[in-house]
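If you want my numbering, it's the position in the sequence shown, counting the first as 1, plus 1. Some notes on the structure that comes next.
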Amino acid sequence: MTGSPDGLLPAAFSLRGRTALVTGARRGIGAAIAVGYAAAGADLVLLARDAALDDTLEAIKQNGGGAATVVTADFADPAAVEQVATALVRDHRIDILVNNAGTIRRAPAAETATADWQHVIDVNLNSTWAVTRPVGAEMVRRGAGKIVTIASLLSFQGGITVPAYTASKHAVAGLTRALANEWGPAGVQVNAIAPGYISTDNTTDLRADTDREAAIRDRIPAGRWGRPDDLVGAAVFLASAAADYVNGHVLAVDGGWLAR
């Protein structure tokens with residue numbers, strides 16, 4: 002495989018000359034992917050709940066990143082998200098979309114408030130659709146594009162005390178396959194990444210529970226919790242020309258959890 006012009010990446014994995022829209026990039030997985038894309042040569046549009054992305058922007062700069070634009074939207078309001086996404090498509094050529102923004106609320110199913118259920122579904126599923134439809138439609142019109150959605154181990158499993166989260170992550174895995182079927186013939190690849198147990202804000206409560214943390218870690222063949230940076234390689238691959246024949250796939254990056 003020939004090298005890229007800058008000599009840092011094989012050409013098939015370079016994102017140089019492309020613009021990636023990454024949602025939920027203030028910290029955690031979204032921030033790590035944004036910085037990884039910058040290092041691979043992409044320009045960034047960062048869509049977040051608020052504009053406090055100084056750490057992410059500094060990391061992009063330190064990794065040789067190009068242009069980075071910050072846009073805000075409340076992911077609990079899918080209609081507002083769709084308006085913002087529609088405007089972004091008019092103002093930017095989006096070559097890559099990463100649907101990362103998400104949330105979780107923990108409670109036994111019988112005690113889960115309808116408002117909490119709706120909040121999680123709106124953020125994780127309805128706002129994902131609100132971004133993907135206008136951005137994907139423009140990709141289809143152009144005949145090229147990459148969409149990567151952050152799914153979960155709970156796209157495959159049921160989990161406990163997170164019914165809305167599990168439902169939403171099963172749904173985004175299904176949406177990934179449905180859109181791959183429709184948009185693949187137009188040259189748009191739609192895939193997802195299913196992270197394992199990653200050290201982020203969403204798992205703070207689990208990691209604070211000594212017994213639960215140990216039980217989870219003991220099941221992971223890698224012997225540790227994942228870090229946001231562990232997702233970057235998969236995210237770059239799925240956004241690159243190296244994955245042009247990968248479509249409708251949900252790629253587990255879980256340290257081996259699903260193999261147990």
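Ideal placement from N, C-alpha and C gives every residue a C-beta, glycine not left out. All values reported here derive from a predicted model rather than from experimental measurement.
is_contact[residue i, chain C] using C-beta, thresh 8 angstroms
i          : result
residue 97 : Within the model displayed, chain C is absent; a lone protein chain is all it includes.
CB contact flag (residue i, residue j, <8 angstroms)
i           : j           : result
residue 177 : residue 195 : no
residue 71  : residue 49  : yes
residue 133 : residue 121 : no
residue 68  : residue 74  : no
residue 96  : residue 147 : yes
residue 27  : residue 54  : yes
residue 61  : residue 232 : no
residue 51  : residue 20  : no
residue 245 : residue 190 : yes
residue 126 : residue 174 : no
residue 185 : residue 256 : no
residue 136 : residue 86  : yes
residue 37  : residue 243 : no
residue 181 : residue 248 : yes
Residue i to residue j span [Cα, whole Å]
i           : j           : result
residue 253 : residue 23  : 19 angstroms
residue 216 : residue 106 : 21 angstroms
residue 179 : residue 108 : 30 angstroms
residue 18  : residue 188 : 18 angstroms
residue 57  : residue 238 : 21 angstroms
residue 208 : residue 143 : 44 angstroms
residue 79  : residue 260 : 36 angstroms
residue 110 : residue 151 : 23 angstroms
residue 90  : residue 130 : 15 angstroms
residue 4   : residue 164 : Annotation note: pLDDT 44 at residue 4 (below 50); position unreliable, coordinate value reported separately. Near 46 angstroms, if we compare the C-alpha coordinates of residue 164 and residue 4.
residue 2   : residue 240 : Residue placement at residue 2 is flagged as unreliable, the pLDDT there being 38, under the threshold of 50; the coordinate-derived value follows with that caveat. If you take the alpha carbons of residue 2 and residue 240, they lie about 18 angstroms apart.
residue 223 : residue 83  : 39 angstroms
Element boundaries [alpha helix (DSSP H), containing residue i]
i           : result
residue 37  : 29-40
residue 63  : 55-63
residue 207 : 205-209
Top-ranked residue by Cα proximity to residue i, from the options
i           : options           : result
residue 128 : 62, 119, 77       : 77
residue 169 : 21, 75, 101       : 101
residue 219 : 191, 228, 258     : 258
residue 47  : 228, 98, 183, 184 : 98
residue 115 : 166, 139, 25      : 166
residue 202 : 112, 11, 228      : 228
residue 11  : 25, 35, 42, 33    : 42
residue 251 : 214, 66, 162, 154 : 154
Which of helix, strand or coil DSSP assigns to residue i
i           : result
residue 78  : coil
residue 222 : coil
residue 101 : coil
residue 109 : coil
residue 90  : helix
residue 176 : helix
residue 195 : strand
residue 155 : helix
residue 185 : helix
residue 26  : coil
residue 168 : helix
Limits of the beta strand (DSSP E) - the one that residue i falls within
i           : result
residue 251 : 251-254
residue 44  : 44-49
residue 71  : 69-73
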